[in-house]
Amino acid sequence: VLLRSRHRRRAVGGDRLMGYLSRYSGTIRIDNPLPWKVIKDSPSYPGPRFESDVRLLIEQTEVDTDDGVMISRRAVGIEPASEDSFKGYDMVEHVQMIVNLAREHDKTSGADITVFLGYIEAVGEDGERWRIAVDNTGMVREFRPTLVWEPESEGRP
Numbered sequence: 010v011l012l013r014s015r016h017r018r019r020a021v022g023g024d025r026l027m028g029y030l031s032r033y034s035g036t037i038r039i040d041n042p043l044p045w046k047v048i049k050d051s052p053s054y055p056g057p058r059f060e061s062d063v064r065l066l067i068e069q070t071e072v073d074t075d076d077g078v079m080i081s082r083r084a085v086g087i088e089p090a091s092e093d094s095f096k097g098y099d100m101v102e103h104v105q106m107i108v109n110l111a112r113e114h115d116k117t118s119g120a121d122i123t124v125f126l127g128y129i130e131a132v133g134e135d136g137e138r139w140r141i142a143v144d145n146t147g148m149v150r151e152f153r154p155t156l157v158w159e160p161e162s163e164g165r166p
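Read left to right, the sequence shown gives residues 10 to 166 (our numbering).
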């Protein structure tokens, strides 16, 4: 079972009145999911407690035991906090907070290194596109496409 919060908080993407709206999609997968003890107090855990530009994608499993049903939750991905367009000014910072939580968990628990795969794609009001992903050093970055003209087109319209 995957949980996604539908609860609306203050406007996602900050409370600045004016700004540039973007539509975000995609998921950054967490390879070596984060356990409940790491995510339960995270600002990105689904629910009304905090404001964040991203939310954790939570996998929930239920196991029937002699003492009742045991529920286990772990974070398997990072996704935009809303399916609607929003500002997302702090998205890189909010994804970095989750990556930092994972790195700290890796160090203190002796767990396998957590790997982040995939990206969140953004499309701005004017059609501009970029992606937010975790690079090989564990830093969250925006990746923007670059237009390169072919050498043969030099001097031609």
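Each residue gets a CB set at the ideal place from its N, CA and C atoms; glycine is no exception. As the structure is a computational prediction, the values presented were derived from the model and not from experiment.
- In the structure shown, M79 adopts extended strand secondary structure according to DSSP, grouped into three states.
- Contact between the stretch 100-120 and the stretch 34-47 is present, with at least three C-beta pairs closer than 8 Å.
- By the criterion of a C-beta distance shorter than 6 Å, G35 is surrounded in its chain by Y128, I129, E130, once the five residues flanking it on both sides are discounted.
- Residue pairing by DSSP places P44 opposite R83 in a beta bridge.
- Its chain contains I39, P42, L66, E68 as the residues whose beta carbon lies nearer than 6 Å to that of V85, once the 5 sequence neighbours on both sides are disregarded; these appear in chain order.
- Straight-line measurement puts the Cα of M148 at about 19 Å from the Cα of P154.
- Per DSSP, the unbroken beta strand (DSSP E) holding L66 starts and ends at 63-74.
- Annotation for A142: the continuous beta strand (DSSP E) segment containing it runs 138-143.
- For L30, no alpha helix (DSSP H) encloses it, and the DSSP letter there is neither H nor E.
- Taken through DSSP and simplified to helix, strand or coil, E130 comes out as strand.
- Distance from the Cα of V143 is smallest, within the candidate group P89, K49, D135, V108, for V108.
- With respect to D62, D99 sits close: the two C-beta atoms are nearer than 7 Å.
- Here R140 is near F152, since their CB atoms are less than 7 Å apart.
- Selection S81, V104, I37 evaluated against E60 yields V104 as nearest (Cα-Cα).
- With fewer than 16 other CB atoms across the displayed protein chains lying within 10 angstroms of its CB, V72 is exposed.
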